[in-house]
Structures are given as structure tokens and as C-alpha cells.
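Report on the structure given below.
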């Protein structure tokens, strides 16, 4: 498979494009206690906060193809490792636009995250993914990501 020719740049006036991709984060079977509309609203609210307020250590990037079409986005956050105190790069969000899946966009965004993390002297690149998101998990595992911590939940209502 050919690697796409992409420009990955800091997000500027891309709010509508980025927020329009939020439903892609829940297009699979969620844990039974999660409601799709609540997940979408929570993710949308968090990303909008990062777009509007631009908090420190939060970086949003947009990928464009050779024709200038936006094909995905990446949200990175610098965070301190609980165990070591070192700086890590956390992939908070990564989405590929519909019609651009399986063209290497996700891999290119992951590579950008790793290059950015090296440049900023991060020790680890971390991310979280729902267990039912098989496509994303396959991408991450193929790129060498493995389980670090396993977050478990139990409803108590």
C-alpha cells in the first residue's frame, strides 16, 4: 500500500471539520453502560474546549491530502507520567474522515504523533481505545502499541 502524500499542520479554522468527525469515535459496540449520545456529547465538549481555549500542552493537527482536502485530525496532549514523572505524549483523539479509511491516513497521523513526541523529548506515546473499536485497535497494535494499564469499570446504580 502506498503511503499517502499528506500535509499535517496545526489546526486553525478547522473546528467544524474536527467536530464533524466526533461521531466516528463511537461507531462500534460500546460497553453496555455507555450511551452513544452521551459519549458523543462528552467528546464534542472536550474537543471544543481544546479548540476554543487552547489550554497549555494541548495540540490539534489536521491532515490534508495532496489536493488540500482535510482527511483526518490528531489531538495530542503532553502529560506527566504517574510512575516516573517524565513527560509523555498522549493521543487524546485521532480520526480519519469517511472515505479516507484504509489509505494510510491513520498510520501517518500515528507517525506524526511519534515524531512530535520524540521532538518534544517525551518518554512514551499513550492512548486509550474502547475494547469494541476493533479497527483502531488493529491500527495501534500494528504500529507497535501494547497494553500499559487496563481501565475497568462497573456500574453501581
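Residue numbers (UniProt numbering): 1 to 157. In this text, a Cβ means the ideal position worked out from N, Cα and C, and glycines have one as well. Bear in mind that the values here come from a model prediction, so they are computed numbers and not experimental data.
As assigned by DSSP and simplified to three states, the class of residue i
i	result
residue 1	Its pLDDT being 49, under 50, residue 1 is placed unreliably by the model, and the measurement read from it follows with that caveat. Looking at residue 1 - three-state DSSP - the assignment turns out to be coil, as it is neither helix nor strand.
residue 114	helix
residue 136	helix
residue 11	coil
residue 21	coil
Identity of the residue in the options nearest residue i by Cα
i	options	result
residue 11	70, 101, 138	70
residue 77	45, 120, 148	120
residue 73	117, 42, 47	47
residue 31	83, 85, 129, 44	129
residue 66	5, 23, 15	5
Chain-order list of residues whose beta-carbon lies under 8 Å from that of residue i (same chain, five-residue window excluded)
i	result
residue 213	Since the first residue of the chain shown is 1 and the last is 157, residue 213 is not available in this structure.
Neighbourhood of residue i by C-beta distance below 6 Å, restricted to the same chain and skipping five residues each side
i	result
residue 127	91
residue 58	50, 77
Contact belief for residue i with residue j at Cβ below 8 Å, rounded distance in angstroms
i	j	result
residue 51	residue 8	That pair is no contact at about 17 Å.
residue 33	residue 142	About 29 Å separates the two Cβ atoms, so there is no contact after all.
residue 106	residue 139	5 Å
residue 88	residue 122	5 Å
Would you call the region 126-138 in contact with the region 59-78, where contact means no fewer than 3 C-beta pairs closer than 8 Å? no
Count Cβ pairs between the region 85-96 and the region 104-121 that sit closer than 8 Å; are there 3 or more? yes
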